Amino acid sequence: DAGVTQSPTHLIKTRGQHVTLRCSPISGHKSVSWYQQVLGQGPQFIFQYYEKEERGRGNFPDRFSARQFPNYSSELNVNALLLGDSALYLCASSLWDTTNYGYTFGSGTRLTVV
Amino acid sequence: KQEVTQIPAALSVPEGENLVLNCSFTDSAIYNLQWFRQDPGKGLTSLLLIQSSQREQTSGRLNASLDKSSGRSTLYIAASQPGDSATYLCAVRDKIIFGKGTRLHILP
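As they're listed, the protein sequences go chains A and B.
Residue numbers for the first sequence follow this note's numbering, beginning at 26 and rising by one.
Residue numbers for the second sequence follow this note's numbering, beginning at -8 and rising by one.
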């Protein structure tokens, strides 16, 4: 069974551009969350989606948005990229939107903004 | 506001030694705590999940404990091996909040 898959694995963008990152959860998982991890720090929570609805949002500007599709895959969009958006973006899926289950993470998308 | 702290930030130990990594959190009203391993530039691999009602979980050479009342968790690694070298992160839930991690280096 495939794990959480993220695409692309690496991406280089120019300041001001827009980027879309994609995530496919483990089959049967309905909850997807997004995290930003800058070098030397722990991951920071961006969004959580469950059954295509936003269930939580971290302290990120409105340039960050996301959505979840009927097949439970998800996209993270970032507009007007800044140099500070350079980071590893991680997606995690969970079985249900409850706290009895842990998260499974993908390998991440490394975004570099130049 | 929940804050998660991991001490030490970095640790080097000779191969074969037993070691303990620490994680503390400020708000004891957590649902569960999860320990992860992260290799450089890679995603997170789940090691152990402890529910708030549990005191510990074990998997192979790893043992994690949880003391909600004191806001602490420890990850015990027995008989360390060079392959254990990685960054270890703890995270508490509801919205999963991570510590900054402990960078572990096992010396052959």
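No residue lacks a Cβ here, since even glycine has one placed at the ideal position from N, Cα and C.
Just so you know, these numbers come straight off a predicted model, no measurement behind them.
- Interface with chain B (8 angstroms Cβ-Cβ cutoff): Y114/A is excluded.
- An exposed status is given to T137/A, since fewer than 16 other beta-carbon atoms sit within 10 Å of its beta-carbon.
- The C-beta of F16/B comes no closer than 8 angstroms to any C-beta of chain A.
- Ranked by Cα distance from G131/A, the options K33/B, L57/B and R52/B are led by K33/B.
- With a threshold of 16 other beta carbon atoms within 10 Å, T93/B meets it and is buried.
- For R52/B, same chain residues with a beta-carbon under 7 angstroms away, outside a window of 5 residues either side, are I68, A69 and A70 in chain order.
- In the three-state reduction of the DSSP assignment, D87/A falls in the coil class.
- I88/B and F89/A have their C-alpha atoms spaced approximately 19 angstroms apart.
- Cβ neighbours of H35/A within its own chain (closer than 6 angstroms, five residues either side excluded): R135.
- One alpha carbon belongs to E100/A, the other to E8/B, and they sit about 43 angstroms apart.
- For the stretch 117 to 139 of chain A, residues whose beta-carbon sits nearer than 9 angstroms to a beta-carbon of chain B comprise A117, T123, T124, N125, Y126, G127, Y128, T129, F130, G131, S132, G133 and R135.
- Residue-level contact by beta carbon holds for G34/B and chain A, with a gap shorter than 8 angstroms.
- Apart from the 5 residues on each side of it in sequence, Y126/A sits with its Cβ closer than 6 angstroms to the Cβ of S119 and L120 in its chain, given in chain order.
- Residue state for L64/A is assigned as coil, using DSSP reduced to three classes.
- Between the stretch 17 to 26 of chain B and the stretch -3 to 5 of chain B, the count of Cβ pairs shorter than 8 angstroms is below three; the stretches do not touch.
- Partner residues in the beta bridge of W26/B, as assigned by DSSP, are L39/B and C81/B.
- Bounds of any beta strand (DSSP E) do not take in P99/B, whose DSSP letter is neither H nor E.
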